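A.B. asks: One structure is given below, represented as structure tokens, and several questions about it will come after.
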Amino acid sequence: MLERLREHIVRHLRQCVQRRFDLTVEEIAIEVPPHVELGDLAFPIAFQLAQWLRQRTGQKYNPRALAEAIAAELPPMQEIARVEVAGAGYLNVFLDRARLLLGLQQPETAPEPSGEKIIVEHTSINPNKAAHIGHLRNAVLGDALVRLLRWSGARVEVHNYIDNTGVQVADVVVGFKYLEKKDRAEIEAIPGKFDHYCWDLYARVTAWYEENPEALELRRQTLSEIEEGGNPTAELAEYISMRVLNDQLDTVERLGIYYDLLPRESEILHLKFWDRAFELLKAAGLVTYETEGKNRGCWVMRLPSEEETGAREDEGKVLVRSDGTVVYTGKDIAYHLWKLGRLGVDFSYRPFRRYPNGHTTWITTSEATADGAPPEFGRGSAYLSVIGSEQTYLQRFVKEAVRALVPDPRVERSAHIAYEKVALTPRACLELGIELSPEELERQQISMSGRRGLGVKADDLIDKLEEKALGEVRARHPELSEEGARRLAHQIAVGALRYFLLKYTRTTAIAFDFTEALSFEGETGPYVQYAVVRARSIFRKLQEAGLSRHPLGPEQIPEINRFLNEHDDLWALLYLAARLGEFAHQACEHYEPAILAKYAFQLAQRFNTFYHSYHILSEGDPLVREVYLAITEAVCERLARALELLGIEVPEMM
RNA sequence: GCACCCGUAGCUCAGUUGGAUAGAGCGUCGGACUACGAAUCCGAAGGUCGCAGGUUCAAGUCCUGCCGGGUGCACCA
Numbered sequence: 345m346l347e348r349l350r351e352h353i354v355r356h357l358r359q360c361v362q363r364r365f366d367l368t369v370e371e372i373a374i375e376v377p378p379h380v381e382l383g384d385l386a387f388p389i390a391f392q393l394a395q396w397l398r399q400r401t402g403q404k405y406n407p408r409a410l411a412e413a414i415a416a417e418l419p420p421m422q423e424i425a426r427v428e429v430a431g432a433g434y435l436n437v438f439l440d441r442a443r444l445l446l447g448l449q450q451p452e453t454a455p456e457p458s459g460e461k462i463i464v465e466h467t468s469i470n471p472n473k474a475a476h477i478g479h480l481r482n483a484v485l486g487d488a489l490v491r492l493l494r495w496s497g498a499r500v501e502v503h504n505y506i507d508n509t510g511v512q513v514a515d516v517v518v519g520f521k522y523l524e525k526k527d528r529a530e531i532e533a534i535p536g537k538f539d540h541y542c543w544d545l546y547a548r549v550t551a552w553y554e555e556n557p558e559a560l561e562l563r564r565q566t567l568s569e570i571e572e573g574g575n576p577t578a579e580l581a582e583y584i585s586m587r588v589l590n591d592q593l594d595t596v597e598r599l600g601i602y603y604d605l606l607p608r609e610s611e612i613l614h615l616k617f618w619d620r621a622f623e624l625l626k627a628a629g630l631v632t633y634e635t636e637g638k639n640r641g642c643w644v645m646r647l648p649s650e651e652e653t654g655a656r657e658d659e660g661k662v663l664v665r666s667d668g669t670v671v672y673t674g675k676d677i678a679y680h681l682w683k684l685g686r687l688g689v690d691f692s693y694r695p696f697r698r699y700p701n702g703h704t705t706w707i708t709t710s711e712a713t714a715d716g717a718p719p720e721f722g723r724g725s726a727y728l729s730v731i732g733s734e735q736t737y738l739q740r741f742v743k744e745a746v747r748a749l750v751p752d753p754r755v756e757r758s759a760h761i762a763y764e765k766v767a768l769t770p771r772a773c774l775e776l777g778i779e780l781s782p783e784e785l786e787r788q789q790i791s792m793s794g795r796r797g798l799g800v801k802a803d804d805l806i807d808k809l810e811e812k813a814l815g816e817v818r819a820r821h822p823e824l825s826e827e828g829a830r831r832l833a834h835q836i837a838v839g840a841l842r843y844f845l846l847k848y849t850r851t852t853a854i855a856f857d858f859t860e861a862l863s864f865e866g867e868t869g870p871y872v873q874y875a876v877v878r879a880r881s882i883f884r885k886l887q888e889a890g891l892s893r894h895p896l897g898p899e900q901i902p903e904i905n906r907f908l909n910e911h912d913d914l915w916a917l918l919y920l921a922a923r924l925g926e927f928a929h930q931a932c933e934h935y936e937p938a939i940l941a942k943y944a945f946q947l948a949q950r951f952n953t954f955y956h957s958y959h960i961l962s963e964g965d966p967l968v969r970e971v972y973l974a975i976t977e978a979v980c981e982r983l984a985r986a987l988e989l990l991g992i993e994v995p996e997m998m
């Protein structure tokens, strides 16, 4: 409802300026004053106006006087209590507090469905090892974006790209065949979390290569057998990668993350996606065959800007190697063209997983689609790919290729959602028992490395969080059953982890610290969850005590206003709750869930202060008590909604 | 060498398309549980927003240069 009011005021301001100064204004900035006493909405329009008028007439104008003039022209509105000019020329608007409170009691109207389908790709961990917390940052970020986009009215299709024919899978195959000398049956007999087993094996293979460089030939040979398909090595790779994938999906399922489709690189290869994309690229003149230089025999793509600036000849990206094989960026171009329906070919599909909540995740296959009717995948209105910022350079080639081949605005709305990695502090490494070189000990951060087996495994961290949360729950609720306590501990652990990974903006490299990640106090998920739990318990107590509610109505507006106008702190809390949509919208627009996470924390903080300084249930004045309850209700609902958009559940008790 | 990201309190980080007196958490010190659950709250100390110029009514925010850190510039992904 706040959005509508804001738009309404902006419209009036635009008319005022048009009428009074004969100026057409496109964008009118809306701000929120730094303090309640200054008002609820601020318009710095007089500053801009003074500038425009000076440019037009050459005369100087006083912003304050201009603001006064506009204020005088603004027609009265029911939702607005008064308008003031403040500071050097701010036009400040004070809302009618009681009307906003009553308005918030109505359920929030959902944004209009836009009918667009946005394809979000995230997680995309190589299927050769367990996920570490860096991978979780990707998954949690992607999942929050999915939730935000759905909230904004879009249809979202969630992809987790599976690079099942790459070097990393080949490395683990090499490890099983040549290092461990295990046959298929022995590998299948390995018990427990297979991805954890591969985590160690992968690190051992990397170390082995370093000592025996000739073994790299085994990797090359294995990789080409996997790419070719239809041989025992490829079948082994298929078994390994699919088993690891299942384990990875178990891990993210613990956080409540699901996918619609798992597009596999093997199908991109075998279903001739690349061949089609290659034809298009050649026809558009985007790739050139190099006849000399270091890239002799390769097909190379150059960025348009490099051509304009006459960059050095050796720049550009090899898409096809001299042996005819395709690099990842090439396959990624094909995949992204398919996402927008530009390729003219399609995958076949089969159901891969059915979850207890009824969700089905599909996977691509080369066989004709057999069981079940898959939904229509691809043909998106835009795509968003959550990929680490270290790949920004390569993603530029993907974007440029798609831009050149898909001549419509969908490409401009598609984007690489870049985020910085999660690194370990030297202290965290020591806690993990990882040995560091002297120069590494000097550094502030140590990058995680799957190759080195250096990192915090996602499952291990979740285990630790659940264990710690369980201890806290048992201490507070000894009466709970084992199952009940575990469920609460799980919700709290997920809340802590998701919030921890989302509170940092995407451009911040997270320095992972166990103490901070395992904290349930201060700026954490559990802090916000606790605020909602407290709020809800008030309503439970209310019912238990058999107390009745006296719903507020329009006839009480003057009385409510008399009370709220004397309590700026209550109003500040209520107003912040009302601004949920504004923050969610911003988070969605900037692909930055941290904006919403910060909001949720701030709202929880203000609620806790309120909870502490006002006693709701024992309030004697029925109207005042009802106002307290209405505020609590409004805050509680917005907090829970914000958490939901971040993928965090609210426990029944804490 | 070139490109991108970062530099804000002791530590970890926010700071919306430039807007009013730069904020939060952690840590430190001192307080608050016989009232809706203390995973909470209140108070205190803590700042040359890396440095130097520039743009303007207004700069932590935009531009230029420098310093410091990270990442990329593969016929790896």
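Under our numbering, the first residue of the first sequence carries the number 345, and numbering increases by one thereafter. All C-beta atoms in this analysis are idealised placements derived from N, C-alpha and C, irrespective of residue type, glycine included. In this text the structure is predicted, and so the values were computed from the model without any measurement.
The beta strand (DSSP E) that contains Leu418, what's its start and end?
C.D. replies: Neither: Leu418 is in no beta strand (DSSP E) and is coded neither H nor E.
A.B. asks: Once the 5 residues before and after Ala432 are set aside, which same chain residues still bring their CB inside 8 Å of it?
C.D. replies: Phe391, Pro407 and Arg408.
A.B. asks: Please name the residue, chosen from Asp366, Val588 and Val664, that lies closest to Leu625 on a Cα-to-Cα basis.
C.D. replies: Ranking the options by Cα distance to Leu625, first place goes to Val664.
A.B. asks: Pull up the CB-CB distance for Gly598 and Ile901, whole angstroms please, since I reckon it's below 8 Å.
C.D. replies: Correcting the residue type first, residue 598 is Arg in the shown sequence and not Gly. 48 Å between Cβ atoms; not a contact.
A.B. asks: Between the region 446 to 461 and the region 475 to 489, do three or more beta carbon pairs fall short of 8 Å?
C.D. replies: Too few Cβ pairs lie closer than 8 Å, so no.
A.B. asks: Starting from the C-beta of Arg818, find all residues in its chain whose C-beta is less than 7 Å away, skip the five residues before and the five after it, and write them out in chain order.
C.D. replies: Closer than 7 Å at Cβ, skipping near neighbours: Ala829.
A.B. asks: Please check the pair Val502 and Leu493, which I expect to be a contact at CB under 8 Å, by giving their CB distance rounded to whole angstroms.
C.D. replies: Between Leu493 and Val502 the Cβ distance is about 10 Å, and since that is not below 8 Å, they are no contact.
A.B. asks: With DSSP run on the structure shown, which of helix, strand or coil describes Gly654?
C.D. replies: Residue placement at Gly654 is poorly supported in this model, since its pLDDT is 37, which falls under 50; the coordinates still yield a value, given next. Coil, per DSSP.
A.B. asks: Would Leu567 pass as a contact of Val511 if the rule is Cβ separation under 8 Å?
C.D. replies: Their beta carbons are under 8 Å apart, which means Leu567 touches Val511 by this criterion.
A.B. asks: Taking the beta strand (DSSP E) that His760 belongs to, which residues open and close that run?
C.D. replies: Note, His760: beta strand (DSSP E), Ala759 to Tyr763.
A.B. asks: Expressed to the nearest angstrom, what Euclidean distance is found between the alpha-carbon atoms of Glu936 and Ile601?
C.D. replies: Taking the straight line from one Cα to the other gives about 18 Å.
A.B. asks: Exposed or buried, what is Leu606 when buried is set at 16 or more other beta-carbons lying within 10 Å of its beta-carbon?
C.D. replies: Its Cβ being crowded by 16 or more others within 10 Å, Leu606 is buried.
A.B. asks: Would you decide whether Glu370 is buried or exposed? Buried here means 16 or more other CB atoms lie within 10 Å of its CB.
C.D. replies: So Glu370 counts as exposed.
A.B. asks: Between Gly478, Ala921, Gly794 and Thr769, which has its C-alpha nearest Gln1001's C-alpha?
C.D. replies: Outside the shown range of the chain (345 to 998) lies residue 1001, about which nothing can therefore be said.
A.B. asks: Hey, out of Ser863, Ala974, Ala986 and Leu410, whose CA is closest to Arg491's CA?
C.D. replies: Of the candidates Ser863, Ala974, Ala986 and Leu410, the one whose C-alpha sits nearest the C-alpha of Arg491 is Ala986.
A.B. asks: For Leu809 versus Ala837, is the C-beta distance shorter than 8 Å?
C.D. replies: Yes, Cβ-Cβ distance for Leu809 and Ala837 is below 8 Å.
A.B. asks: Considering Ser781, what are the terminal residues of the alpha helix (DSSP H) in which it resides?
C.D. replies: First-last for Ser781: undefined, no H or E at that position.
A.B. asks: Using three-state DSSP, classify Thr632 as helix, strand or coil.
C.D. replies: Of the three classes helix, strand and coil, the one that applies to Thr632 here is strand, per DSSP.
A.B. asks: List the endpoints of the continuous beta strand (DSSP E) containing Asn436.
C.D. replies: Per DSSP, Asn436 belongs to the beta strand (DSSP E) from Tyr434 to Leu439.
A.B. asks: Looking at C-alpha atoms only, which residue of Thr976, Leu385 and Val437 is the closest neighbour of Asn952?
C.D. replies: It is Thr976 whose Cα lies nearest to the Cα of Asn952.
A.B. asks: Below 8 Å, how does it come out for the region 664 to 681 and the region 744 to 752: are there three or more Cβ pairs, yes or no?
C.D. replies: The region 664 to 681 is in contact with the region 744 to 752.
A.B. asks: Leaving out five residues on either side along the sequence, give the residues of the same chain with a beta carbon under 6 Å from the beta carbon of Asn575.
C.D. replies: Excluding residues within five positions, the ones whose Cβ falls inside 6 Å are Glu569.
A.B. asks: Based on Cα-Cα distance, which residue from Ala875, Arg364, Asp803 and Gly777 lies nearest to Leu480?
C.D. replies: It is Asp803 whose Cα lies nearest to the Cα of Leu480.
A.B. asks: Does the region 925 to 939 come into contact with the region 896 to 912, if we say contact requires no fewer than three beta-carbon pairs (one atom in each stretch) closer than 8 Å?
C.D. replies: In short, these stretches do not touch, since the Cβ pair count stays below three.
A.B. asks: For the candidate residues Thr401, Ile806, Arg426 and Ile469, whose alpha-carbon lies nearest to that of Trp543?
C.D. replies: Nearest of Thr401, Ile806, Arg426 and Ile469 to Trp543, Cα basis: Ile469.
A.B. asks: Touch check for the region 355 to 371 and the region 412 to 421: three-plus C-beta pairs under 8 Å?
C.D. replies: In short, these stretches touch, since the Cβ pair count reaches three.
A.B. asks: Using CA atoms only, rank isn't needed, just tell me which of Val979, Asn905, Arg608 and Ala978 is closest to Leu967.
C.D. replies: Cα-wise, what sits closest to Leu967 is Asn905.
A.B. asks: What does DSSP give as the partner residue(s) for Lys1009 in the beta ladder?
C.D. replies: In this structure the chain extends from 345 to 998, so residue 1009 is not present and cannot be described.
A.B. asks: Please confirm whether Gly716 and Leu684 have their CB atoms less than 8 Å apart.
C.D. replies: Not in contact: Gly716 and Leu684 (Cβ atoms no closer than 8 Å).
A.B. asks: Classify Asn556: buried if its beta carbon has 16 or more other beta carbons within 10 angstroms, exposed otherwise.
C.D. replies: Exposed, since its Cβ has fewer than 16 Cβ neighbours within 10 Å.
A.B. asks: Leaving out the 5 sequence neighbours to the left and right, which residues in its chain are closer than 7 Å to Gln359 when beta-carbon positions are compared?
C.D. replies: Closer than 7 Å at the Cβ level, and outside the excluded window around Gln359, lies no residue.
A.B. asks: Between the C-alpha atoms of Gly459 and Ala498, what's the straight-line distance to the nearest angstrom?
C.D. replies: Looking at the two C-alpha atoms, the distance is approximately 6 Å.
A.B. asks: Please report how far the alpha carbon of Pro751 lies from the alpha carbon of Asp507, in whole angstroms.
C.D. replies: Using only the alpha carbons, I get a separation of about 28 Å.
A.B. asks: Quick one: using the 10 Å Cβ neighbour count with 16 as the cut-off for buried, is Asp591 buried or exposed?
C.D. replies: Buried, by the Cβ-count rule.
A.B. asks: Specify the secondary structure class of Glu428 as computed by DSSP and reduced to three states.
C.D. replies: Residue state, collapsed to three classes: strand.
A.B. asks: Does the structure place the region 690 to 705 close enough to the region 724 to 741 that three or more beta carbon pairs sit under 8 Å?
C.D. replies: The region 724 to 741 vs the region 690 to 705: no contact.
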